[in-house]
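Everything on this sheet refers to the single structure shown next.
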Amino acid sequence: MTYTITVLPGDGIGIEVTEQATAVIHDIGKKCGHDFYLREALMGGCAIDKTGTPLPEETLALCKASDAVLLGAVGGPEWETLPGNLRPEAGLLAIRAGLGLYANLRPAVIYPALKNASPLRPDIISGGVDILVVRELTGGIYFGERGRKTLPDGIETAFDTEQYSTLEVERIARVGFEAARKRKKKLMSVDKANILESSRLWRETILKIAPDYPDVELSHMYVDNAAMQLVRNPKQFDVIVTSNIFGDILSDEASQITGSIGMLQSASLGSGTLGLYEPVHGSAPDIAGKDLANPIATILSVAMLLRYSLSLEAEAELIERAVESVLDNGFRTPDIRSENTKIVGTGEMGRLIREAINAL
Ligand code: IPM
Ligand code: MG
């Protein structure tokens with residue numbers, strides 16, 4: 010059996026981190042006897058430069074005909090002045106919608122070897138933080154009606170719309186409940202039901218399906234309180250399920266609690282097994298091409314890809330264990346450096362992880 014994976018390196022450090030991640034895929038293939046067929050396609054700023062659009066039709070078609078998609082990062086200052094619908098970020102929204110990837114899983118985990126990286130006090134994070142943010146990804150205000158209106162007195166206004174259907178809420182809630190089931194069985198639904206009608210429907214819908222998951226402890230929190238609780242007492246959270254915009258914001262906050270955004274992977278899933286996997290970090294144009302970027306988030310995204318899209322659990326764990334052993338041996342890219350560690354570049358970090366995979 011051949012697994013087809015489309016790789017979208019994108020822009021900036023996306024190129025060098027996906028290079029390391031694809032080398033890992035090839036090594037896993039060799040070690041475990043799998044046939045991975047990898048092909049690259051254009052997306053983001055590089056696609057704008059070559060084709061005039063951030064997500065060419067050809068790229069979307071290749072992704073649709075794949076078992077999984079691995080993405081680096083998109084964007085950069087070159088494309089920031091383009092109109093909204095032509096920016097690299099628009100390509101990201103279009104690929105999520107085009108592939109029907111409504112569920113975004115973003116784990117925020119503090120690795121024992123990196124506990125000093127967290128900006129939070131040791132007593133707040135002692136014992137470890139392990140949060141999974143489940144973000145709704147193809148609805149809400151990022152996809153709602155938007156526009157501009159000039160009022161009769163000449164004043165310019167703009168609007169964006171938050172809208173959710175019960176179907177959209179129910180399917181993401183089920184992803185949250187299922188994920189909680191496999192973890193500590195605690196689900197926190199985050200909304201703003203004291204103000205927003207869309208949040209009231211969100212909460213009602215979640216409460217309606219909760220009886221299907223009697224083994225999961227469900228709670229609700231307003232988003233402003235959740236933002237505060239994440240830094241006050243992050244250990245209270247297991248799985249957080251929330252809307253597109255709240256999840257965008259809270260997942261960045263949760264990632265920073267770990268102190269090492271260069272370590273965090275993500276998966277975007279739909280109703281089938283096709284998924285899109287990418288590091289949580291961006292394209293970091295300031296360090297691009299300098300062998301400084303941390304490839305671990307993208308390599309861990311490969312682990313998620315193997316687990317969720319290809320059902321290769323043992324291979325996923327192999328990658329995760331290899332990453333941990335390289336960290337335990339004191340190797341760090343500059344973003345996660347601390348005292349008494351050995352600083353290595355992007356390529357060397359990738360090589361060390363592959364070496365560890367082959368040794369396991
Ligand atoms: C993310 C990013 C994107 C988002 C941007 C770049 C469109 O912030 O993946 O969280 O808001 O979804
Ligand atoms: Mg974001």
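Take the sequence shown: its position 244, counted from the start at 1, is 253 in our numbering, and no numbers get skipped. The C-beta atom is built at its ideal place from N, Cα and C for all residues, glycine as well. Every value quoted in this text rests on a predicted model; they were computed, and no experiment measured them.
Assigned exposure category for residue i - 16 Cβ within 10 Å defines buried
| i | result |
| --- | --- |
| Ala74 | exposed |
| Met237 | exposed |
| Ala302 | buried |
| Leu95 | exposed |
| Leu216 | exposed |
| Ser260 | buried |
| Asn203 | exposed |
| Phe168 | exposed |
| Lys201 | buried |
| Tyr173 | buried |
| Thr307 | buried |
Boundaries of the beta strand (DSSP E) in which residue i is found, first to last residue
| i | result |
| --- | --- |
| Val142 | 139 to 145 |
| Val85 | Residue identity differs from the one stated: residue 85 is Gly in this sequence, not Val. Taken as a continuous stretch (DSSP letters only), Gly85 belongs to no beta strand (DSSP E), as it is neither H nor E. |
| Ala74 | Looking at the DSSP string, Ala74 is not in any beta strand (DSSP E), and its letter there is neither H nor E. |
| Lys59 | From DSSP, Lys59 is part of no beta strand (DSSP E) but of the alpha helix (DSSP H) over 54 to 60. |
| Ala167 | 165 to 169 |
Identified DSSP bridge partners for residue i
| i | result |
| --- | --- |
| Thr15 | Arg48, Val78 |
| Gln274 | Pro288 |
| Ile352 | Arg341 |
| Arg115 | Val142 |
Residue interval of the alpha helix (DSSP H) (run including residue i)
| i | result |
| --- | --- |
| Arg363 | 355 to 368 |
| Gly156 | Per DSSP, Gly156 belongs to no alpha helix (DSSP H); it is in the beta strand (DSSP E), 155 to 159. |
| Leu283 | Run containing Leu283: none; DSSP gives neither H nor E here. |
| Ile7 | Given a span of 10 to 369 for the chain in the structure shown, any question on residue 7 remains unanswerable. |
| Asp36 | 23 to 41 |
| Leu108 | No alpha helix (DSSP H) contains Leu108, which DSSP labels as neither H nor E. |
Examine the Cβ distances between the region 68 to 86 and the region 114 to 128 and report whether three or more of them are shorter than 8 angstroms.
no
On the three-pair Cβ rule with 8 angstroms, is the region 148 to 167 touching the region 267 to 275?
no
4-residue-minimum alpha helix (DSSP H) runs that sit fully inside the region 292 to 335, ordered along the chain:
305 to 317
Ranges of the beta strand (DSSP E) found wholly within the region 185 to 271, counting only runs of at least 3
With a minimum length of 3 residues, the continuous beta strand (DSSP E) runs that stay inside the region 185 to 271 are 195 to 200, 226 to 231, 248 to 251.
Tell me whether the region 229 to 249 and the region 269 to 280 touch, counting them as touching only if at least three CB pairs, one residue from each stretch, are closer than 8 angstroms.
no
Evaluate the contact criterion for the region 320 to 334 versus the region 292 to 299: three or more CB pairs, one atom per stretch, below 8 angstroms.
no
Assess, as a yes-or-no matter, whether the region 123 to 143 is touched by the region 83 to 98 under the definition of 3 or more beta carbon pairs within less than 8 angstroms.
They do not touch, by the three-pair rule.
May I ask you to verify whether the region 80 to 92 touches the region 16 to 28, counting CB pairs closer than 8 angstroms and requiring at least 3?
yes
Does the region 31 to 48 come close enough to the region 306 to 323 that 3 or more CB-CB pairs lie under 8 angstroms?
yes
So, does the region 46 to 60 touch the region 118 to 130, judging by three or more C-beta pairs under 8 angstroms?
no
Answer yes if the region 174 to 186 comes into contact with the region 135 to 151, meaning at least three C-beta pairs across the two stretches below 8 angstroms, and no otherwise.
yes
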